[in-house]
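Report on the following structure.
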Amino acid sequence: MFNPQAEAMPVGELRKLQGRRLHDLAKRAYDHVPSYRARMQEKGVRPEDVRHIEDVAKLPFITKTDFRDQYPFGMFAVPHQEIIRIHASSGTTGKPTVVGYTRNDIDNWAECAARSLACGGATAADTVQIAYGYGLFTGGLGMHYGAERLGAAALPMSSGNTEKQIMLMKDFGVTVLCCTPSYALQIAEVAAQMGVDLMKLPLKSGNFGAEPWTEAMRKRIEELLPLKALDIYGMSELAGPGVANECLEQNGLHVFEDHFYPEIIDPATGEPLPDGQKGELVFTCLTKEAVPLIRYRTRDITMILDDGPCACGRTGRRIRRLMGRTDDMLIIRGVNVFPSQVEDVLVRIEGVHPQYLIIVDRQGNLDTMEIKVEVTDSLFSDEVRKLEALRDKIHHQIKAMLNVNAKITLVEPKTIERTLGKAKRVQDLRKLT
Amino acid sequence: MKVRQISIFLENRSGRLASVLKEVGRAGVNIRALSLADTSDFGILRLIVDNVDKCMKVLKDSGHTVSVTEVLAVEVPDHPGGLAGILDALSEAGLNVEYMYAFVCRATEKAVVVFRFEDVNAAIAALKKSGISILPAEVVYSL
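Residue numbers (my numbering), protein chains in the order written: chain A, 318 to 750; chain B, 50 to 192.
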């Protein structure tokens, strides 16, 4: 355990700490973010009404839409000179969701990422290969700071260039791997082609996340790599990776509850659900300064496990592996994709609303995305090269907007299935359950 | 002088070409010439027909993506180098040819259409079985 005092804090003491932190958070939000104040006034709740962690239910929810409405910095609660980092993730309208961090925010995030690595047994003696993307995406830098906080050697590979990843993994004696679960399988596949026997390497644990995966994938990863494959949870609005992580028991992800308070609600009514019941995961980030986050609706479906204390000694409650999403967001190779973004690209190209269908599949270990677009009279050209240019243009704009390589297929009109009212936009053929 | 040609978008999927040609035939429209440009994903069928407006209406009504393009029909001298001579002239004039295809011509009483099959032997077997006559190569060379 990286920080036993926090991670194994007796539950009673933890709830008291959470209550105090919630009060401070509510006050910060009320005093410095006009949209929070308006929302709290609407609900008739003031910071002084929030004394205990149970009082969280009095507070209003916030959603991704709030971030979009306040783009770019409207959610910030501190003056700009206190911001030392800005990250962003893709949003529904092409405008990213923007999050800022104070020095304390970065510190707390690094602490939680370090705890996540330590969940798999990592220590200062380890070498951590970070194959999450570095950049606006929080995956790479989040785990990087975590590894450094732990005192381990961070190997900042970022994503891609698999042959080199494998070469350095072998030559440097890497012991901990951080990447998406599908990329771990990709590494195993390429290593086999290169004739590298990964099972002989000193790897011991992996923190895999940023996309949905299954127990079957875990089994495959553990057959192909000599490590314990652990699920890690996070999202940029909350901080980044390191909100919750599985311990070696591999039975749910421990939430680092001194920083992140989880609730499960009924997505239709917003009513809190008891532990053990499936619903939408909601987080309150108790210590966040730059962007206070109160009851953020993650749109992830899971449950808080109620099967008693964990053998590892951590007292933070555990959430189950993610069971789905409440909206139509797709996660493709760790990238968030909304069908409406695809629609935006198509509309901008010809000014019309073409019919389209997104088909997501997993070939080998990698997610694939195909977009079928119906060719209307206004898109049609008599020349093959003009139609190919149209197809390439859609491909490039999708790539520029979503950072996903999609296969674009032009299809005849009326060939995409229509159901009453709403056309079917997404076909997800991945087997994840 | 300008000829109106109908272009139809086709997915590269079995039965698509047959479905378009069936619509055209049912409407009593006769095809004078045709060409099919294709890629791995899609194709463009180009038709010269005896009744352009009727053909357009039929195809639009049946939900196809169609357009009309103006093309020129050029008489080519029927001797070796005849087509090359025309292309030379176009090239000297700095004109680019986007695409071209031959009219279906007549050998005695029958029109001849040239097909390319993925499995030639299987196609020969199937055509013979259906009683369709395949012109011997030397006959095609001497057309």
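Note that CB positions come from ideal geometry on N, CA and C, so glycine has one too.
Query raised in the report: In this structure, does DSSP put G512 (chain A) in helix, strand or coil?
Result: Residue numbering aside, residue 512 (chain A) sits at position 195 when the first sequence is read from its first letter. It is coil, neither helix nor strand.
Query raised in the report: Residues of chain A with a CB under 7 Å from the CB of A86 (chain B): which are they?
Result: In the second sequence, counting from the first residue as 1, residue 86 (chain B) sits at position 37. Chain-ordered, the chain A residues with CB closer than 7 Å to the CB of A86 (chain B) read V701.
Requested in this report: Answer yes if the stretch 539-556 of chain A comes into contact with the stretch 450-465 of chain A, meaning at least three C-beta pairs across the two stretches below 8 Å, and no otherwise.
Outcome: Short answer: they touch.
Query - Rounded C-alpha distance that separates R53 (chain B) from S68 (chain B) - result: Translated into positions along the second sequence, residue 53 (chain B) becomes position 4. Translated into positions along the second sequence, residue 68 (chain B) becomes position 19. Distance from the CA of R53 (chain B) to the CA of S68 (chain B), rounded to the nearest whole angstrom, comes to 22 Å.
Query raised in the report: Which residues in the same chain as V362 (chain A) place their Cβ atom closer than 7 Å to its Cβ, once the five residues preceding and following it in sequence are excluded?
Result: Reading the first sequence from its first residue, position 45 is the one you call residue 362 (chain A). For V362 (chain A), where only same-chain residues beyond five positions count, the Cβ hits under 7 Å are K375 and L376.
Requested in this report: Measure from the C-beta of L727 (chain A) to each C-beta in chain B and report whether the shortest distance is under 7 Å.
Outcome: If you number the first sequence from 1, residue 727 (chain A) lands on position 410. Closer than 7 Å to some Cβ of chain B, the Cβ of L727 (chain A) qualifies, so yes.
Query - Selection from A:I648, A:P626, A:T732 and A:C495 that minimises the alpha carbon distance to R679 (chain A) - result: The residue you call residue 679 (chain A) lines up with position 362 of the first sequence. It is A:I648.
Query raised in the report: Candidates A:I711, A:T732, A:P730 and A:V728: which alpha carbon is nearest N722 (chain A)'s?
Result: If you number the first sequence from 1, residue 722 (chain A) lands on position 405. Nearest to N722 (chain A) by C-alpha distance, out of A:I711, A:T732, A:P730 and A:V728, is A:I711.
Query - Beta bridge counterpart(s) of M640 (chain A) as assigned by DSSP - result: Residue numbering aside, residue 640 (chain A) sits at position 323 when the first sequence is read from its first letter. Checking the DSSP bridge columns, you'll see M640 (chain A) has no partner listed.
Query raised in the report: Looking at C-beta atoms only, is the number of pairs between the stretch 473-487 of chain A and the stretch 421-439 of chain A that lie closer than 8 Å three or more?
Result: With a cut-off of 8 Å, the stretch 421-439 of chain A and the stretch 473-487 of chain A do not count as touching, because too few Cβ pairs lie within range.
Report task. Give the single residue among B:I93, B:F91, B:D90 and B:S116 whose Cα lies nearest to the Cα of D199 (chain B). Result -> No statement about residue 199 (chain B) is possible, as the shown extent of chain B runs from 50 to 192 and does not include it.
Query - Collapsed DSSP secondary structure at I751 (chain A) in the structure displayed - result: Outside the displayed span of chain A (318 to 750) sits residue 751 (chain A), for which this structure offers no information.
**Report entry** Residue environment, N524 (chain A), which counts as buried when at least 16 other CB atoms sit within 10 Å
**Finding:** Looking up residue 524 (chain A) in the first sequence gives position 207. Buried is the label assigned to N524 (chain A), since at least 16 other Cβ atoms lie within 10 Å of its Cβ.
**Report entry** the stretch 564-584 of chain A in contact with the stretch 624-636 of chain A per 3-pair CB rule at 8 Å
**Finding:** By the C-beta criterion, the stretch 564-584 of chain A is judged to be in contact with the stretch 624-636 of chain A, since at least 3 inter-stretch pairs fall below 8 Å.
**Report entry** Under the three-state DSSP convention, the category K739 (chain A) falls into
**Finding:** Mapped onto the first sequence, residue 739 (chain A) falls at position 422. The pLDDT assigned to K739 (chain A) is 47, lower than 50, so where the model puts this residue is not dependable, and the model offers no usable value.
Query raised in the report: Taking C-beta to C-beta, are Q594 (chain A) and M620 (chain A) nearer than 7 Å?
Result: Here residue 594 (chain A) corresponds to residue number 277 of the first sequence, with the count starting at 1. Here residue 620 (chain A) corresponds to residue number 303 of the first sequence, with the count starting at 1. Contact annotation: Q594 (chain A) and M620 (chain A) have beta-carbon atoms nearer than 7 Å.
Query raised in the report: Using the C-alpha atoms, what's the distance from V677 (chain A) back to V692 (chain A)?
Result: Looking up residue 692 (chain A) in the first sequence gives position 375. Looking up residue 677 (chain A) in the first sequence gives position 360. The alpha-carbon separation between V692 (chain A) and V677 (chain A) amounts to approximately 21 Å.
Query raised in the report: Looking at C-alpha atoms only, which residue of B:G77, B:A174 and B:I97 is the closest neighbour of V120 (chain B)?
Result: One-based indexing of the second sequence puts residue 120 (chain B) at position 71. For V120 (chain B), the nearest C-alpha among the options comes from B:I97.
Requested in this report: With a threshold of 16 other CB atoms inside 10 Å of the CB of K381 (chain A), please say whether the residue is buried or exposed.
Outcome: Within the first sequence, residue 381 (chain A) is the residue found at index 64, counting from 1. Burial call: buried.
**Report entry** Residue from A:R650, A:Y673 and A:V373 whose Cα sits closest to the Cα of Y613 (chain A)
**Finding:** Position 296 of the first sequence, counted from the start, is the residue given in the question as residue 613 (chain A). Comparing Cα positions, the closest option is A:V373.
Query - Status (buried if at least 16 other CB within 10 Å, exposed otherwise) for D443 (chain A) - result: Taking the first sequence and counting its residues from 1, the one referred to as residue 443 (chain A) is at position 126. By the neighbour-count definition (other C-beta atoms within 10 Å, threshold 16), D443 (chain A) is a buried residue.
Requested in this report: Answer yes if the stretch 599-606 of chain A comes into contact with the stretch 321-341 of chain A, meaning at least three C-beta pairs across the two stretches below 8 Å, and no otherwise.
Outcome: The count of Cβ pairs closer than 8 Å, one atom from the stretch 321-341 of chain A and one from the stretch 599-606 of chain A, reaches three, so the stretches are in contact.
Query - Integer Cβ distance of A430 (chain A) from R466 (chain A), believed to fall under 8 Å - result: Along the first sequence, one-based indexing puts residue 430 (chain A) at 113. Along the first sequence, one-based indexing puts residue 466 (chain A) at 149. Taking 8 Å as the upper bound for CB-CB distance, A430 (chain A) and R466 (chain A) are in contact here, some 7 Å apart.
Query raised in the report: Per DSSP, H353 (chain A) forms a beta bridge with which residues?
Result: Counted from its first residue, the first sequence places residue 353 (chain A) at position 36. The residue asked about is misnamed: residue 353 (chain A) is Tyr in this sequence, not His. According to DSSP, which records beta bridges pairwise, Y353 (chain A) is partnered with nothing at all.
Requested in this report: Let me know if M516 (chain A) comes out buried or exposed under the rule of 16 or more other beta-carbons within 10 Å of its beta-carbon.
Outcome: By one-based count along the first sequence, residue 516 (chain A) stands at place 199. Taking all protein chains shown into account, M516 (chain A) has fewer than 16 neighbouring C-beta atoms within 10 Å of its C-beta and is therefore exposed.
Query raised in the report: Comparing the C-beta of P558 (chain A) with each C-beta of chain B, is any distance below 7 Å?
Result: The sequence position of residue 558 (chain A) within the first sequence is 241, counting from 1. No, no contact with chain B.
**Report entry** Assigned secondary structure, N170 (chain B) (DSSP; H/G/I helix, E/B strand, else coil)
**Finding:** Sequence index remark: in the second sequence, residue 170 (chain B) carries index 121 (1-based). N170 (chain B): helix per DSSP, three-state reduction.
Query raised in the report: Under a CB-based cut-off of 7 Å, is D90 (chain B) close to chain A?
Result: Position 41 of the second sequence holds residue 90 (chain B). When Cβ-Cβ separations below 7 Å define contact, D90 (chain B) makes contact with chain A.
Query - Proximal residues to V507 (chain A) (C-beta, below 7 Å), its chain only, five neighbours per side dropped - result: For the purposes of this step, residue 507 (chain A) is identified with residue 190 of the first sequence, where counting begins at 1. A distance below 7 Å between beta-carbons, with the five flanking residues on each side excluded, links V507 (chain A) to the following residues of its chain, in chain order: T479, E480 and I483.
Requested in this report: Between the Cα of K487 (chain A) and those of A:S476, A:K731 and A:L520, spot the shortest distance and give me the residue it belongs to.
Outcome: Your numbering for residue 487 (chain A) matches position 170 in the first sequence. If you compare the alpha carbons of A:S476, A:K731 and A:L520 with that of K487 (chain A), the shortest gap goes to A:L520.
**Report entry** Where the stretch 679-692 of chain A meets chain B: residues whose CB sits under 7 Å from a CB there
**Finding:** Under the 7 Å Cβ criterion, the stretch 679-692 of chain A contributes V692.
**Report entry** Residues bridged to E691 (chain A) (per DSSP)
**Finding:** Counting from one through the first sequence, the residue named residue 691 (chain A) turns up at place 374. E691 (chain A) pairs with A:V728.
**Report entry** Closest Cα partner of M686 (chain A) within the set A:A533, A:K360, A:V743 and A:M474
**Finding:** In the first sequence, counting from the first residue as 1, residue 686 (chain A) sits at position 369. If we check each option's Cα against that of M686 (chain A), A:V743 comes out closest.
Query raised in the report: If you measure from the beta carbon of K724 (chain A) to each beta carbon in chain B, is any gap under 7 Å?
Result: On the first sequence, residue 724 (chain A) is found 407 positions in, with the first residue counted as 1. Taking 7 Å as the CB threshold, K724 (chain A) stays off the interface with chain B.
Query raised in the report: What whole-angstrom Cβ distance do I447 (chain A) and A471 (chain A) have, given they're in contact under 8 Å?
Result: For this step, residue 447 (chain A) is matched to residue 130 along the first sequence. For this step, residue 471 (chain A) is matched to residue 154 along the first sequence. The Cβ separation is near 6 Å, so the contact holds.
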